[in-house]
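Engineer: Take the sequence shown: its position 175, counting from 1, is numbered 164 in the numbering used here, and each next residue is one higher.
Just so it is clear, CB atoms sit at the ideal spot from N, CA and C, and this is done for glycine as well.
Note that the structure is predicted; figures quoted are calculated from it, not measured.
Following this message is one structure expressed as structure tokens.
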Amino acid sequence: MSDTTVRHQFPFIMPAQAQKHVTHNEALRQLDFLLNLQIAARAVDAPPPAPDAGESVIVGENPTGAFSGHAGDVAAFIDGAWLFQTPFDGLRAYDLQAGNLIRYDGALWQTISGGMPDETAQLGINTMADSVNRLAVKSDAVLLSHDDVTPTGSGDIRLNLNKAAPTRTASVQFQTGFSTRAEFGLTGDDDWHVRVSSNGSNFRDALITDSQTGQVSVQGLKSIPANYAPLSGVIFTPGGDGQVSIYRQDSTSLQNPRTATIAAISGDLVTLTTPVAETFFNTIMNGVSLARIWNTTLSAASHSAWIATYVSSTQFRVRSASMLTGWLAGHMIQIGDPVSITPGRCVTLDISPMLIALFGGSFRQSGIMVKGFIANSSTASISISPSGVGGSFVNAATAASDSGVTIIPTTELSPISNSNLVRMRENFSGTSGIRLLSAIAVYA
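Here's what the structure looks like:
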């Protein structure tokens, strides 16, 4: 049996050995020498003239004096004498002059890349880090806690994600099989986004908080108790005539449907043979709504158009000239859907122009609140419906009280926009003067 340890040659206390404390103390000196080794200088050929107790150096290639015969060894000044240790592969020390860690590789002392461990270029815990994921961790849980160890700990904790520019992204992603399904943070701007994806590539924002105003925009809400039925929020539609007037008639005329004869077609412009254009579409409706008309000379089921602009008493423009394909002078047109198309004798309105003007874009509103007015005998009324189906109409106004306010759901997508249709019906005998519907609010 050897009388020293294999790696560091610490002396063993032998059986029946006298003065065992001497051997024990010698082993402690050597242990103190190597534990948390600090190097005051490297390539030192001559012993320093006044070394501090415990000072360690790496002997140079041309040693002299007390260092003779110990080229390349580590020397430590302990108890007034120099102790020596031949370095072995993997021995580490802290270089006090350079301020970094060094390691002996079996031939030379090498600086450990990145300096101290908290400055390493990559760190993998239970997994491999790489050039993209410089910090990689595989763990069932990760704990980050406030500093309750150092005296300067404030009790606070913050995780900071810093990006280079407003157009870049600083976010936290949640993945399944390394494919992102949800993300929150500053994604492409300085607003706070919460967004989701079904495939890791295409994302939809569920919530956005404006960095300037703090206002929150949401994609939509549903009620869990109501079996995830959509919730609706009221969005008021401020404005007056020409801004929220989705339907208006100022001329005295019969109840809908009303008819006229085409005198000429030119592009999207329709000219009538008589000055009754206002009974189809009022100038105050321009830029607020679109009203559907039908060519009853042709097949009503496939020949409709949408009036967009009142031009004159005999003219109006439709949304697109392509809607008038096949329409000719002499054809009869009608404001009000044929009952074979929509039950209930309705005029169908598209309110997307108002939505775009007020909110910057159209959307499928879930309902609308309107005020109504009609001037006639006490039996007259103007009513609205989501579908025209019997039992779905609600009076917006009756002549007995002149005006009123009502709310209806809107559920049917317009064929020409991303908004839901509104249907209205006039009810009176003979003729009536002014009648109108103006939006007060929509439900989103």
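Hey, out of 422, 344, 404, 130, whose CA is closest to residue 433's CA?
Structural biologist: Mapped onto the sequence shown, residue 433 falls at position 444. Measuring from the Cα of residue 433, the nearest candidate turns out to be 344.
Engineer: For residue 281, which residues from the same chain have a beta carbon less than 6 Å from its beta carbon, with the 5 sequence-adjacent residues on both sides left out?
Structural biologist: One-based indexing of the sequence shown puts residue 281 at position 292. 293, 295, 337.
Engineer: Looking at residue 173: is its Cβ nearer than 7 Å to the Cβ of residue 185?
Structural biologist: Counted from its first residue, the sequence shown places residue 173 at position 184. Counted from its first residue, the sequence shown places residue 185 at position 196. No, Cβ-Cβ distance for residue 173 and residue 185 is not below 7 Å.
Engineer: Taking the Cβ atom as the reference point for each residue, do residue 395 and residue 409 lie within a distance shorter than 7 Å?
Structural biologist: On the sequence shown, residue 395 is found 406 positions in, with the first residue counted as 1. On the sequence shown, residue 409 is found 420 positions in, with the first residue counted as 1. At the C-beta level, residue 395 and residue 409 stay beyond 7 Å of one another.
Engineer: From residue 232 to residue 323, what distance separates their C-alpha atoms?
Structural biologist: Your numbering for residue 232 matches position 243 in the sequence shown. Your numbering for residue 323 matches position 334 in the sequence shown. Whole-angstrom Cα-Cα distance: 25 Å.
Engineer: What are the uninterrupted segments assigned as alpha helix (DSSP H) that are 4 or more residues long and contained completely in the region 25 to 108, given in chain order?
Structural biologist: none
Engineer: Using DSSP bridges, identify the partner residues of residue 397.
Structural biologist: Here the question's residue 397 lines up with position 408 in the sequence shown. Answer is 357, bridged to residue 397.
Engineer: With a cut-off of 8 Å, do at least 3 Cβ pairs link the region 64 to 77 to the region 30 to 47?
Structural biologist: Touching, per the Cβ criterion.
Engineer: Contact between the region 234 to 247 and the region 315 to 333 is defined here as three or more beta-carbon pairs at a separation below 8 Å; is this criterion met?
Structural biologist: yes
Engineer: Measuring alpha carbon to alpha carbon, tell me which of 153, 35, 392 ends up nearest residue 177.
Structural biologist: Here residue 177 corresponds to residue number 188 of the sequence shown, with the count starting at 1. Shortest Cα-Cα distance from residue 177 to any of 153, 35, 392 involves 153.
Engineer: Quick check for students: name the residue ranges of the alpha helix (DSSP H) that lie wholly in the region 376 to 423, counting only runs of 4 or more.
Structural biologist: none
Engineer: Of all the beta strand (DSSP E) runs that stay within the bounds of the region 197 to 231, which reach a length of 3 or more residues?
Structural biologist: 205 to 207, 210 to 212, 218 to 220, 223 to 225
Engineer: Quick check on DSSP: helix, strand or coil for residue 348?
Structural biologist: Reading the sequence shown from its first residue, position 359 is the one you call residue 348. Helix.
Engineer: With distance defined between alpha-carbon atoms, name the residue in 95, 100, 71 nearest to residue 82.
Structural biologist: Along the sequence shown, one-based indexing puts residue 82 at 93. Here the closest residue by C-alpha is 100.
Engineer: Are residue 407 and residue 355 closer than 7 Å when you measure CB to CB?
Structural biologist: Position 418 of the sequence shown, counting from 1, holds the residue named residue 407. Position 366 of the sequence shown, counting from 1, holds the residue named residue 355. It is not a contact, given that the beta carbons lie outside the stated cut-off.
Engineer: Roughly how many angstroms separate the alpha carbons of residue 460 and residue 175, rounded to a whole number?
Structural biologist: Because the chain is modelled from -10 through 433, residue 460 falls outside the range shown and cannot be assessed.
Engineer: Can you look up residue 118 in the DSSP assignment and give me helix, strand or coil?
Structural biologist: By one-based count along the sequence shown, residue 118 stands at place 129. If DSSP states are grouped into helix, strand and coil, residue 118 belongs with coil.
Engineer: Report the three-state DSSP secondary structure of residue 286 (helix, strand or coil).
Structural biologist: Taking the sequence shown and counting its residues from 1, one reaches residue 286 at position 297. Coil at residue 286, not helix or strand.
Engineer: Below 7 Å between beta carbons: does that hold for residue 413 and residue 373?
Structural biologist: On the sequence shown, residue 413 is found 424 positions in, with the first residue counted as 1. On the sequence shown, residue 373 is found 384 positions in, with the first residue counted as 1. In this structure, residue 413 places its C-beta atom within 7 Å of the C-beta atom of residue 373.
Engineer: Along the chain, where does the beta strand (DSSP E) containing residue 337 start, and where does it finish?
Structural biologist: As a working note, residue 337 is residue 348 in the sequence shown. Note, residue 337: beta strand (DSSP E), 336 to 339.
Engineer: Using 7 Å as the threshold, is the C-beta distance between residue 340 and residue 235 below it?
Structural biologist: The residue labelled residue 340 in the question sits at position 351 within the sequence shown. The residue labelled residue 235 in the question sits at position 246 within the sequence shown. Contact flag set, yes.
Engineer: Between residue 260 and residue 253, which are expected to be in contact by the criterion C-beta below 8 Å, what is the C-beta distance as a whole number of angstroms?
Structural biologist: Residue numbering aside, residue 260 sits at position 271 when the sequence shown is read from its first letter. Residue numbering aside, residue 253 sits at position 264 when the sequence shown is read from its first letter. With 8 Å as the limit, residue 260 and residue 253 qualify as a contact, their Cβ atoms being about 4 Å apart.
Engineer: Consult DSSP for residue 23 and reduce its assignment to one of helix, strand or coil.
Structural biologist: Locating residue 23 in the sequence shown gives position 34, where the first residue counts as 1. In this structure, residue 23 counts as helix in the three-state DSSP scheme.
Engineer: From the DSSP output, read off the bridge partner residues of residue 234.
Structural biologist: Here residue 234 refers to the residue found at position 245 when the sequence shown is read from its first residue. DSSP links residue 234 through a beta bridge to 427.
Engineer: Report the partner residues of residue 295 according to the DSSP bridge assignment.
Structural biologist: The residue given as residue 295 occupies position 306 in the sequence shown. Looking at the DSSP assignment, residue 295 forms a beta bridge with 281.
Engineer: Helix, strand or coil: how does DSSP classify residue 318 here?
Structural biologist: Residue 318 sits at position 329 when you count from the first residue of the sequence shown. Reduced to three states, the DSSP call for residue 318 is coil.
Engineer: Please state whether DSSP places residue 158 in a helix, a strand or coil.
Structural biologist: Counted from its first residue, the sequence shown places residue 158 at position 169. Strand.
Engineer: When the Cα atoms are used, what is the spatial distance from residue 151 to residue 116?
Structural biologist: Within the sequence shown, numbered from 1, the residue matching residue 151 stands at position 162. Within the sequence shown, numbered from 1, the residue matching residue 116 stands at position 127. Looking at the two C-alpha atoms, the distance is approximately 25 Å.
Engineer: Start and end of the beta strand (DSSP E) containing residue 255?
Structural biologist: Residue numbering aside, residue 255 sits at position 266 when the sequence shown is read from its first letter. Per DSSP, residue 255 belongs to the beta strand (DSSP E) from 247 to 255.
Engineer: Could you tell me the distance, in whole angstroms, from the CA atom of residue 147 to the CA atom of residue 23?
Structural biologist: Position 158 of the sequence shown holds residue 147. Position 34 of the sequence shown holds residue 23. Answer to the nearest angstrom: the Cα atoms are 39 Å apart.
Engineer: Between residue 10 and the rest of its own chain, which residues show a CB-CB distance below 6 Å, the 5 nearest in sequence each way excluded?
Structural biologist: Working through the sequence shown from its first residue, we reach residue 10 at position 21. Confidence is the limiting factor: at residue 10 the pLDDT is only 47, short of 50, which leaves the residue's position unreliable, though a coordinate-based value still follows. Counting only Cβ-Cβ distances below 6 Å, and skipping sequence neighbours, we find nothing.
Engineer: Report the option in 140, 120, 114 whose CA atom is closest to the CA atom of residue 129.
Structural biologist: Along the sequence shown, one-based indexing puts residue 129 at 140. Cα-wise, what sits closest to residue 129 is 114.
Engineer: For residue 422, I'd like the list of residues in its chain whose CB is within less than 6 Å of its CB, leaving aside the five on either flank, ordered along the chain.
Structural biologist: For this step, residue 422 is matched to residue 433 along the sequence shown. Within the same chain, 241, 364 come within 6 Å of residue 422 by CB-CB distance, once the 5 residues on both sides are set aside.
Engineer: Taking the continuous beta strand (DSSP E) assigned at residue 436, which residues delimit it?
Structural biologist: In the structure as shown, the chain begins at -10 and stops at 433. Residue 436 is therefore absent and cannot be evaluated.
Engineer: If distances are taken between C-alpha atoms only, which option among 33, 192, 158 comes closest to residue 168?
Structural biologist: Numbered from its first residue, the sequence shown carries residue 168 at position 179. Comparing Cα positions, the closest option is 192.
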